[in-house]
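J.:
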Amino acid sequence: MSQRAIPACLMRGGTSKGLYVLKDDLPADTAVRDRVLLAALGSPDARQIDGVGGAHPLTSKVAVVSKSDRPDADIDYLFLQIFPDKAIVTDQQNCGNILAGVGPFAIERGLVAAAGEVTEVRIHMINTASIAVAAIETPGGQVNYEGSARIDGVPGSHAPIMLNFLDVAGSSCGALLPTGNAADEIDGIAVTLIDNGMPVVVMQAADFGLSGAETPDEIEANADVRARVEAIRLKAGPLMNLGDVTKASVPKMTLISPARNGGDVSTRTFIPHRVHDAIGVLGAVSVATALALKDGITGSKTFEIEHPTGFFSVEMEIEGAGETLKVTRSALLRTARMLMRGEVLVPASIWPEV
Ligand code: NQM
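In my numbering, the protein residues as written are 59 to 412.
(1) On a Cα-Cα basis, can you pick out the residue from PRO218, ALA227, SER315, ALA294 that is closest to LEU268?
(2) Just to confirm, does VAL339 get its C-beta within under 7 Å of one of the non-hydrogen atoms of the ligand NQM?
(3) How is ILE64 classed by DSSP in three states: helix, strand or coil?
(4) If distances are taken between C-alpha atoms only, which option among GLY232, ALA336, GLU375 comes closest to THR386?
(5) Given ILE290, which residues of its chain have a CB within under 8 Å of its CB, disregarding the five upstream and five downstream residues?
(6) When you measure from the CB of LEU116 to every non-hydrogen atom of the ligand PLP, does any distance come out below 7 Å?
(7) Give the single residue among SER126, SER358, ARG395, MET220 whose Cα lies nearest to the Cα of LYS384.
(8) What does DSSP give as the partner residue(s) for LEU77 in the beta ladder?
(9) Between which two residues does the alpha helix (DSSP H) containing VAL94 stretch?
(10) Is the distance from the Cβ of ALA217 to the Cβ of ALA207 below 8 Å?
(11) Could you name each continuous alpha helix (DSSP H) segment of 4 residues or more that falls completely within the stretch 268 to 305, going from the start of the chain to the end?
(12) Given 7 Å as the limit, tell me if ASN155 has its C-beta closer than that to any heavy atom belonging to the ligand NQM.
(13) Rounded to a whole number of angstroms, what is the C-alpha to C-alpha distance between LEU68 and ALA86?
(14) Is it buried or exposed, ILE107, if we count other Cβ atoms within 10 angstroms and call 16 or more buried?
(15) From which residue to which residue does the beta strand (DSSP E) around PHE266 run?
(16) Might you give, ordered along the chain, the residues of its own chain that have their beta carbon closer than 6 Å to the beta carbon of LEU403, omitting 5 neighbours on each side?
(17) Could you have a look at VAL160 and say whether DSSP puts it in helix, strand or coil?
(18) As a quick exercise: from VAL323, ARG91, ASN319, ILE408, pick the residue whose alpha carbon is nearest that of ALA346.
(19) In chain order, what residues of the same chain have a beta carbon less than 7 Å from the beta carbon of GLY111, not counting five sequence neighbours either side?
(20) Distance check for LYS305 and PHE266, CA to CA, integer angstroms please.
(21) Which same chain residues, not among the five before or five after LYS125, have their C-beta less than 7 Å away from its C-beta?
(22) Exposed or buried, which one is ASN319 when buried takes at least 16 other CB atoms within 10 Å?
(23) Under a Cβ-count criterion, where at least 16 other Cβ atoms within 10 Å of its own Cβ denotes burial, should GLN200 be classed as buried or exposed?
(24) Using a 10 Å radius around the Cβ and a threshold of 16 neighbouring Cβ atoms, would you call SER388 buried or exposed?
(25) How many angstroms separate the CA atom of ASP282 from the CA atom of GLY295?
(26) Is the number of C-beta pairs between the stretch 228 to 237 and the stretch 323 to 335 that are closer than 8 Å three or more?
(27) When you compare each of ASP103, LEU77, HIS182, MET220 to VAL339 by their alpha carbons, which one comes out closest?
(28) Is the Cβ-Cβ distance between ILE156 and GLY232 less than 8 Å?
(29) Please report the Cβ distance between LEU96 and ALA66, rounded to the nearest whole angstrom; I am assuming they are in contact, meaning their Cβ atoms lie under 8 Å.
(30) Look up LEU234 in the DSSP assignment and say whether it is helix, strand or coil.
(31) So, under 8 Å CB-CB, GLY161 and VAL179 are touching, yes? Tell me the CB distance rounded to an integer number of Å.
(32) Given a threshold of 16 other Cβ atoms within 10 Å of its Cβ, counted over all protein chains shown, does GLU195 qualify as buried or as exposed?
(33) Does the ligand NQM have even one heavy atom less than 7 Å from the beta-carbon of HIS365?
(34) Restricting to Cα atoms, I'd like to know which of ASP82, HIS334, LEU251 is closest to PRO115.
(35) Excluding sequence positions up to five away, which residues of its chain have a Cβ less than 6 Å from the Cβ of LEU351?
(36) Please find out if some non-hydrogen atom of the ligand NQM comes closer than 7 Å to the beta-carbon of HIS216.
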């Protein structure tokens, strides 16, 4: 046998796509696991031609799922970002889009029993040691993928998946505001360094000479802006308790500008070297939290975050204000779909049978 077969599903989760694998179907040794996943997705190669990766960070992702031992969770979810063009597998970030597919995958693979019309799956997100609760439609005991829910960045409509985050503040950086400040300055640019589930550096697009309405391609083609944003990111990493972030996919770098389409703010987000076609889930939660800080909002509010392909709505419950602000709950709508199930094949030399 020159190839090793690993049971896996290819799923769209929100506006991302990736491989979903049971932890027990992967090597226990992390270094071997990472080599297996690089080979499965076809990295390092910008085109990922020899693997199932989609040649973009948003389609080069892996969810590793297992039953949880924790009393407050049904399953454990480890997110791994596979860099398309580099031999890097990182668990230093979470992913709320791929999270959307984790509940359906766990039900389909028998880790969680369907319970009535809607099954709530409590997910322990290993990357950020925090809990999400996903509501999955399961009429007749089967995951339903069809429905009328629409999310911007995905064509058509699908069954809704509501994601609730209970307490994700500071889950990567140790505090919602890792420097203790709502506003800092790096390289002469005003920044908000924030982590409400995703470490994000929020900056004004205008400070980079941008309107904020540019397309992701236009921003990626602007070498000066890219270099300035990356220089700020490398300095922000240690300030956000993330250490040296040279090889990390965090923090995300969000350029904000006034809303143009009736939302609360317009965004363009470096993730961190490509510009997102939309915005990440927990990235949007962190940006919404930065707005709540700036605008002194408390109580319940739905933030409409504009992004290159539409809107991202985040419902939040907020207590306190300024540097003592606390988000007690955030919720949002996603959809997901299982696209393929079977086995992904990697060269047997990478993970020989014993
Ligand atoms: O912020 C992209 C995505 C993400 C992450 C990224 C995400 C999140 O859209 O929770 O979903 O920022 O790398 O999948």
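In this text, a Cβ means the ideal position worked out from N, Cα and C, and glycines have one as well.
T.: Checking against the coordinates, here is how it stands:
(1) Taking the sequence shown and counting its residues from 1, one reaches residue 268 at position 210. Of the candidates PRO218, ALA227, SER315, ALA294, the one whose C-alpha sits nearest the C-alpha of LEU268 is SER315.
(2) Taking the sequence shown and counting its residues from 1, the one referred to as residue 339 is at position 281. VAL339 Cβ: within cutoff of the ligand NQM.
(3) Here the question's residue 64 lines up with position 6 in the sequence shown. Here ILE64 sits in strand by DSSP.
(4) Counting from one through the sequence shown, the residue named residue 386 turns up at place 328. Relative to the Cα of THR386, the nearest Cα in the group GLY232, ALA336, GLU375 belongs to GLU375.
(5) Start at 1 with the first residue of the sequence shown, and residue 290 comes out as number 232. The residues are ILE244, ASP245, ILE247, VAL249, VAL259, MET261, MET311.
(6) The ligand PLP is not among the ligands present in this structure, which contains only the ligand NQM.
(7) As a working mapping, residue 384 is identified with position 326 in the sequence shown. When each option's Cα is compared against that of LYS384, the closest is SER358.
(8) As a working mapping, residue 77 is identified with position 19 in the sequence shown. According to DSSP, which records beta bridges pairwise, LEU77 is partnered with LEU68, VAL120.
(9) Working through the sequence shown from its first residue, we reach residue 94 at position 36. For VAL94, the enclosing alpha helix (DSSP H) stretches over residues 88 to 99.
(10) Counting from 1 along the sequence shown, the entry for residue 217 is found at position 159. Counting from 1 along the sequence shown, the entry for residue 207 is found at position 149. Result yes, Cβ atoms of ALA217 and ALA207 sit closer than 8 Å.
(11) 274 to 278, 281 to 297
(12) Taking the first residue of the sequence shown as position 1, residue 155 is located at position 97. ASN155 Cβ: within cutoff of the ligand NQM.
(13) In the sequence shown, counting from the first residue as 1, residue 68 sits at position 10. In the sequence shown, counting from the first residue as 1, residue 86 sits at position 28. Cα to Cα, the separation comes out at about 21 Å.
(14) Translated into the one-based positions of the sequence shown, residue 107 becomes position 49. So ILE107 ends up on the exposed side.
(15) Counting from 1 along the sequence shown, the entry for residue 266 is found at position 208. Segment: none, PHE266 is in no beta strand (DSSP E) and carries neither H nor E.
(16) Indexing the sequence shown from 1 puts residue 403 at position 345. Excluding residues within five positions, the ones whose Cβ falls inside 6 Å are GLN61, ALA63.
(17) Here residue 160 is taken as the residue at index 102 of the sequence shown, counted from 1. Reduced to three states, the DSSP call for VAL160 is helix.
(18) In the sequence shown, the residue the question calls residue 346 occupies position 288. Checking every option, the nearest Cα to that of ALA346 belongs to VAL323.
(19) The sequence position of residue 111 within the sequence shown is 53, counting from 1. Answer for GLY111: LEU99, GLY100, SER101, THR117, SER118, ILE140, PRO142, listed in chain order.
(20) Position 208 of the sequence shown holds residue 266. Position 247 of the sequence shown holds residue 305. PHE266 and LYS305 have their alpha carbons spaced roughly 24 Å apart.
(21) One-based indexing of the sequence shown puts residue 125 at position 67. Same-chain partners within the cutoff: ILE133, LEU169.
(22) As a first step, residue 319 must be located in the sequence shown, where it is residue number 261. The residue in question, ASN319, is exposed, as its Cβ has fewer than 16 Cβ neighbours within 10 Å.
(23) Residue numbering aside, residue 200 sits at position 142 when the sequence shown is read from its first letter. By the neighbour-count criterion, in which 16 or more other beta carbons inside 10 Å mark a residue as buried, GLN200 falls on the exposed side.
(24) Within the sequence shown, numbered from 1, the residue matching residue 388 stands at position 330. By the 10 Å Cβ count, SER388 comes out buried.
(25) One-based indexing of the sequence shown puts residue 282 at position 224. One-based indexing of the sequence shown puts residue 295 at position 237. Near 20 Å, if we compare the C-alpha coordinates of GLY295 and ASP282.
(26) no
(27) For the purposes of this step, residue 339 is identified with residue 281 of the sequence shown, where counting begins at 1. It is MET220 whose Cα lies nearest to the Cα of VAL339.
(28) For the purposes of this step, residue 156 is identified with residue 98 of the sequence shown, where counting begins at 1. For the purposes of this step, residue 232 is identified with residue 174 of the sequence shown, where counting begins at 1. Their beta carbons are not under 8 Å apart, which means ILE156 does not touch GLY232 by this criterion.
(29) Here residue 96 refers to the residue found at position 38 of the sequence shown. Here residue 66 refers to the residue found at position 8 of the sequence shown. Contact flag wrong, Cβ pair sits at about 14 Å.
(30) As a first step, residue 234 must be located in the sequence shown, where it is residue number 176. In the structure shown, LEU234 sits in coil (DSSP, three-state: anything other than H, G, I, E or B).
(31) For the purposes of this step, residue 161 is taken as the residue at position 103 of the sequence shown. For the purposes of this step, residue 179 is taken as the residue at position 121 of the sequence shown. 4 Å between Cβ atoms; contact.
(32) Here residue 195 corresponds to residue number 137 of the sequence shown, with the count starting at 1. So GLU195 ends up on the buried side.
(33) Counted from its first residue, the sequence shown places residue 365 at position 307. Because no heavy atom of the ligand NQM lies under 7 Å away, the Cβ of HIS365 does not count as near it: no.
(34) Counted from its first residue, the sequence shown places residue 115 at position 57. Per the Cα distances, HIS334.
(35) As a working mapping, residue 351 is identified with position 293 in the sequence shown. Around LEU351: ALA240, LEU383.
(36) Numbered from 1 along the sequence shown, position 158 holds the residue referred to as residue 216. False, no ligand heavy atom lies under 7 Å from that Cβ.
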